Amino acid sequence: MKVTIDEKAGFCWGVVRTVDIAEETLNLAAKNDSKTYILGHIIHNPKEISRLEEKGLTTITHDDLEEIAKNDKNAKVIIRAHGEPPSTYKRTADLGMNVIDATCPLVTNLQNRVRKYYELGYKIIIFGKKEHAEVIGLRGVCNDECTVIKTLEEAKQINDFERQTIFMSQTTMDKHLFHEVKGYLESKINNLIDLGEIESKLIGRDTTCRAVTSREEPLLNFAKSNDVMIFVSGKNSSNGKSLYNSCLKVNPRTYFVEDLSEIDWAWFENAETVGISGATSTPQWYMENVKSCIENKFN
187 MKVTIDEKAG FCWGVVRTVD IAEETLNLAA KNDSKTYILG HIIHNPKEIS
237 RLEEKGLTTI THDDLEEIAK NDKNAKVIIR AHGEPPSTYK RTADLGMNVI
287 DATCPLVTNL QNRVRKYYEL GYKIIIFGKK EHAEVIGLRG VCNDECTVIK
337 TLEEAKQIND FERQTIFMSQ TTMDKHLFHE VKGYLESKIN NLIDLGEIES
387 KLIGRDTTCR AVTSREEPLL NFAKSNDVMI FVSGKNSSNG KSLYNSCLKV
437 NPRTYFVEDL SEIDWAWFEN AETVGISGAT STPQWYMENV KSCIENKFN
């Protein structure tokens, strides 16, 4: 049996940057005998989280901030790649905390765009998951005065288009579905304009992450070229779910795995080739572990 890891799989540059910042901070903390905290899980992958926690990283929630500020003046608090709303920065500043901002630059840019259109008085529609960490940050920069949708059905429930409207996306959402929803909203607004009911128009900005969307075509080719496809990802990863579903459409023998224990050996019956890939938050070292596990079983 031939087992191959997708050569384009592994961390996107934004995750690499965040993990590098965390490791640099941990190394300095070890020298200074101080602690390093991160506000929320650094990425949506439990294996990488465990690796960094073994090096001393402690995951905290907003409820922990006051106690840490009171008892650990030398502590460093990292803002993860997903970003935070302005209220978090204000609170940590008021508490006098040492904050290291590891927000992905693409997310920062998106926050700035949302803030800009909010200040211009636009109606803001965000294609994303309302309680996703990134979207919570986006909601924060517009004082939560936005509409968040994640499906075409939810888009059909929107009827208020009196103001100029801007439509943008959480960076890790499905690009194709974004454009499907965008097309629907444009058609609906144009019909209302033709009827003379409104004068406003829709501005649609595809703010999905290119590191995710550019991977889809080569990933699908890779999935089609193998008898069995193992997709390795944290269950909470948005882009992981999206890429997995794309693989499943072209290869019905695609299986989602977060942990080695989830592998079912019956999946590999009569298979000669096995492909392994993962989300942009899946570490290369864990895909190597999956590869070794399969090879040890069958070779």
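If you count by the working numbering, then the sequence shown holds residues 187 to 485, one letter each, in order. Beta carbons are placed, not taken as given, at the ideal position from N, Cα and C, and that holds for glycine. Source: prediction; values computed, not measured.
inquiry  = Looking at the secondary structure, which residues open and close the beta strand (DSSP E) in which I352 lies?
reply    = Start and end: T351 to S355.
message = If you reduce the DSSP assignment to three classes, tell me which class K342 lands in.
response = coil
query = Quick one: Cα of D330 to Cα of K188, how far?
reply = 51 Å
inquiry  = Comparing C-alpha positions only, which one of R237, A465 and P272 sits nearest to L429?
reply    = A465
task = State the DSSP-derived secondary structure class of I384, mapped to helix, strand or coil.
result = coil
query = Are the region 383 to 391 and the region 276 to 293 touching, with three or more C-beta to C-beta distances below 8 Å?
reply = Contact between the region 383 to 391 and the region 276 to 293 is absent, because fewer than three Cβ pairs lie under 8 Å.
ask   = CB K486 to CB I191, shorter than 9 Å?
value = The requested residue 486 is not part of the displayed model; the chain covers only 187 to 485.
query = Is it the case that the Cβ atoms of Y472 and V436 are separated by a distance below 9 Å?
reply = Between Y472 and V436, the gap from beta carbon to beta carbon reaches 9 Å or more.
ask   = When you compare only the Cα positions, how much space is there between L292 and C198?
value = 12 Å
ask   = Under the three-state reduction of DSSP, which class applies to F197: helix, strand or coil?
value = F197: coil per DSSP, three-state reduction.
task = Could you give the DSSP three-state label for K241: helix, strand or coil?
result = coil
task = Reducing DSSP to helix, strand and coil, say where T278 ends up.
result = The answer is helix: DSSP assigns T278 an H, G or I state.
ask   = Mapping DSSP to helix, strand and coil, what is M473?
value = helix
task = Label F484 either buried or exposed according to how many other C-beta atoms from any shown protein chain fall within 10 Å of its C-beta, with 16 as the threshold for buried.
result = exposed
request  = Report yes or no: do three or more beta-carbon pairs, one from the region 368 to 386 and one from the region 260 to 276, lie closer than 8 Å?
outcome  = Judged by Cβ distances under 8 Å, the region 368 to 386 makes no contact with the region 260 to 276, as fewer than three pairs qualify.
key: Alpha carbon of E193 to alpha carbon of F408, nearest angstrom   = 9 Å
task = Answer yes or no: do I310 and A341 have a C-beta to C-beta separation smaller than 9 Å?
result = no
ask   = If you count every other CB in all the chains shown that lies within 10 Å of the CB of N298, and 16 or more means buried, which is it?
value = exposed
message = Checking 9 Å against the spacing of the C-beta atoms, do H268 and G323 come in under that value?
response = A contact, by the Cβ cut-off of 9 Å.
task = Quick one: grab the DSSP three-state call for A284.
result = Just to set this straight, residue 284 is Asn in the shown sequence, not Ala. N284 falls in the strand class under three-state DSSP.
As assigned by DSSP and simplified to three states, the class of G420 = coil
task = Drop a sphere of 10 angstroms on the beta-carbon of K421, count the other beta-carbons inside from all chains shown, and report buried for 16 or more, exposed for fewer.
result = exposed
message = Determine whether the beta carbon atoms of T358 and N425 lie at a separation below 9 Å.
response = yes
request  = List the residues that DSSP assigns as beta-bridge partners of T459.
outcome  = K188
ask   = So K262 is in the beta strand (DSSP E); what residue range does that whole segment cover?
value = K262 to I265
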